[in-house]
Ligand SMILES: [Zn+2]
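In this note's numbering, the protein residues as written are 4 to 357.
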């Protein structure tokens with residue numbers, strides 16, 4: 004057992020950190036890793052710490068985070084550690100094109116492939132981290148496969164993806180898979196209290212909202228007003244339930260316009276938020292309130308739960324998922340979003356509930 008160090012600074016996923024430390028200690032590194040897991044769960048930090056551990060001037064199993072190599076990697080400024088993904092691809096494109104990009108292109112992979120033939124300049128290993136690997140298009144996937152088949156001995160490839168299932172099986176089979184799962188709510192809350200000094204109530208609420216994704220919670224803490232903005236957005240969504248159909252349809256039209264203008268992420272976040280609310284109403288109506296996310300709005304949830312049938316709630320939660328899926332499938336956004344607001348459940352008189 005190697006003595007534990009906290010320098011990886013990762014909340015949870017102890018098994019993954021331990022696995023990588025052991026691989027470094029025994030010199031049994033894989034040529035390629037695939038780190039998968041939901042947004043904000045800690046994939047990018049794990050990839051970065053691995054790159055630091057492999058090039059740290061202390062040359063132990065843990066990154067020291069203080070030496071020149073560790074610090075340059077932290078700032079994405081080390082010649083032997085290359086990071087690519089949708090963000091770097093977009094940075095090299097014109098603003099209009101960048102907003103429309105939905106795939107990782109072969110040029111992005113080719114640029115890497117030219118670079119990977121070079122031996123380390125000043126570090127011990129060349130580390131290539133590719134974010135958003137699930138967005139590799141077919142040509143880029145095939146190009147990536149070539150590199151994975153014959154990686155140079157001094158290189159470590161780290162693919163980062165939401166789900167391994169969206170990658171070519173031949174790519175997945177050539178990588179050591181590290182599947183990061185959401186953490187228990189209590190673990191996220193404890194970390195927010197102890198490491199980030201959040202008040203207990205805020206930590207509980209953020210942990211519940213985060214769905215076990217600490218990076219997601221931290222982004223919300225770091226963005227000023229993000230917490231208040233989220234509450235306000237939820238209030239606006241909830242007000243839609245009291246609006247006539249014509250207002251809901253106008254909302255769908257506005258959302259579709261934003262989506263087409265390149266604000267896809269914001270629209271998906273809105274759908275997520277709305278779905279989290281209706282899922283909570285469903286859980287409350289079904290008598291399972293312990294799993295709810297909006298723990299600061301229990302009274303409103305109970306009031307809403309009394310006004311709808313469980314089957315209507317269930318159908319609407321599904322129709323929000325369906326709308327998100329249709330958007331991903333490139334269905335006309337207005338059709339997808341209108342279909343969703345048309346499926347909003349009707350309030351029932353108390354005696355009519357079943
Ligand atoms: Zn170091």
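Using N, Cα and C, we set each Cβ at its ideal position, and we do this for glycine too.
Helix, strand or coil at residue i according to DSSP, with G and I counted as helix
{"i": "residue 418", "result": "In the structure as shown, the chain begins at 4 and stops at 357. Residue 418 is therefore absent and cannot be evaluated."}
{"i": "residue 362", "result": "Look at the range of the chain in this structure, 4 to 357, and you will see that residue 362 is not part of it."}
{"i": "residue 169", "result": "helix"}
{"i": "residue 79", "result": "coil"}
{"i": "residue 29", "result": "coil"}
{"i": "residue 159", "result": "strand"}
{"i": "residue 176", "result": "coil"}
{"i": "residue 13", "result": "coil"}
{"i": "residue 284", "result": "helix"}
{"i": "residue 357", "result": "Low per-residue confidence applies at residue 357: pLDDT is 46, beneath 50, and the placement is therefore not dependable, though the value from the model is reported in the following sentence. Of the three classes helix, strand and coil, the one that applies to residue 357 here is coil, per DSSP."}
{"i": "residue 87", "result": "strand"}
{"i": "residue 130", "result": "strand"}
Residue i, buried or exposed, once every other Cβ within 10 Å from all chains shown has been counted against 16
{"i": "residue 301", "result": "exposed"}
{"i": "residue 341", "result": "buried"}
{"i": "residue 31", "result": "exposed"}
{"i": "residue 335", "result": "exposed"}
{"i": "residue 268", "result": "exposed"}
{"i": "residue 249", "result": "exposed"}
{"i": "residue 358", "result": "Missing from the structure shown is residue 358; the chain here goes from 4 to 357 and no further."}
Distance, residue j Cα to residue i Cα
{"i": "residue 168", "j": "residue 37", "result": "11 Å"}
{"i": "residue 42", "j": "residue 235", "result": "23 Å"}
{"i": "residue 71", "j": "residue 127", "result": "14 Å"}
{"i": "residue 219", "j": "residue 186", "result": "12 Å"}
{"i": "residue 113", "j": "residue 184", "result": "31 Å"}
{"i": "residue 364", "j": "residue 73", "result": "Given a span of 4 to 357 for the chain in the structure shown, any question on residue 364 remains unanswerable."}
{"i": "residue 29", "j": "residue 63", "result": "11 Å"}
{"i": "residue 137", "j": "residue 198", "result": "32 Å"}
{"i": "residue 47", "j": "residue 257", "result": "33 Å"}
{"i": "residue 173", "j": "residue 144", "result": "10 Å"}
Boundaries (first-last residue) of the alpha helix (DSSP H) holding residue i
{"i": "residue 263", "result": "248-263"}
{"i": "residue 196", "result": "188-197"}
{"i": "residue 241", "result": "229-242"}
{"i": "residue 339", "result": "336-345"}
{"i": "residue 295", "result": "Segment: none, residue 295 is in no alpha helix (DSSP H) and carries neither H nor E."}
Bounding residues of the beta strand (DSSP E) (the contiguous stretch that carries residue i)
{"i": "residue 330", "result": "Taken as a continuous stretch (DSSP letters only), residue 330 belongs to no beta strand (DSSP E), being part of the alpha helix (DSSP H) at 313-331."}
{"i": "residue 37", "result": "35-39"}
{"i": "residue 117", "result": "Residue 117 -> not in any beta strand (DSSP E); alpha helix (DSSP H) instead, spanning 109-119."}
{"i": "residue 69", "result": "Taken as a continuous stretch (DSSP letters only), residue 69 belongs to no beta strand (DSSP E), as it is neither H nor E."}
For residue j and residue i, believed in contact at Cβ under 8 Å, the rounded distance
{"i": "residue 163", "j": "residue 133", "result": "7 Å"}
{"i": "residue 142", "j": "residue 109", "result": "4 Å"}
{"i": "residue 130", "j": "residue 161", "result": "7 Å"}
{"i": "residue 298", "j": "residue 211", "result": "5 Å"}
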